[in-house]
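Undergrad: Residue numbers in the sequence shown follow my numbering, run continuously in steps of one, and reach 168 at the last position. By construction, the Cβ of each residue, glycine as well, lies at the ideal position given by its N, Cα and C atoms.
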Amino acid sequence: MERFIKEYPIYTEIQVAWGEMDALQHVNNVVYFRYFETARIDFFTQINLLADLQSTQVGPVISENTARYKRPVTFPDTLLVGVSISDIKQDRFMMHYSVYSQAQKAVTTLGSSQVVMFNFKTGKKAELTPALLDALKSY
């Protein structure tokens, strides 16, 4: 776990809920997208992106999500969802997620999201601000 935290200094801890399991007795595949969303919002909060959304009406939208399931997860478990950033462009960037199971002491799931900045006033894409660019480059 220490190696995971060192690799992903921004991570979100999530408790697996009993109701997230399906008939096959493991966490349902769609639930991982909620885990990714929770980690994404936590990350955005930490870099003040959501605070800026309120004042500028410019914020992130997701244009693509992927998940790769390596190992099934079951209740009870505590997951760490690590976040990293790559492919930073003028108006978009890629978020990567790595889900670590404390019960299994292993990475169980990998994912990614293409994040595009969007101006909700004009209905068009927007450029990353210099402050956001600096924050993203540090992760």
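Write down the C-beta distance between D120 and K154 rounded to the nearest angstrom, noting that I regard them as a contact closer than 8 Å.
TA: 5 Å
Undergrad: Below 8 Å, can you find three or more Cβ-Cβ pairs linking the stretch 125-142 to the stretch 85-95?
TA: yes
Undergrad: Within a Cβ cutoff of 6 Å, which residues of the same chain sit near V128, ignoring the five residues on either side of it in sequence?
TA: Contacts found: L108, V110, T137, T138.
Undergrad: Rounded to the nearest angstrom, how far is the Cβ of H55 from that of V102, given a contact under 8 Å?
TA: 6 Å
Undergrad: Helix, strand or coil for L161 per DSSP?
TA: helix
Undergrad: With distances taken Cα to Cα, identify the nearest neighbour of G88 among S113, V60, F122.
TA: F122
Undergrad: Just to confirm my understanding: we take L165, look at its own chain, exclude 5 residues before and 5 after, and list those with CB closer than 8 Å. What are they?
TA: I76, I114, I117, F122, L157
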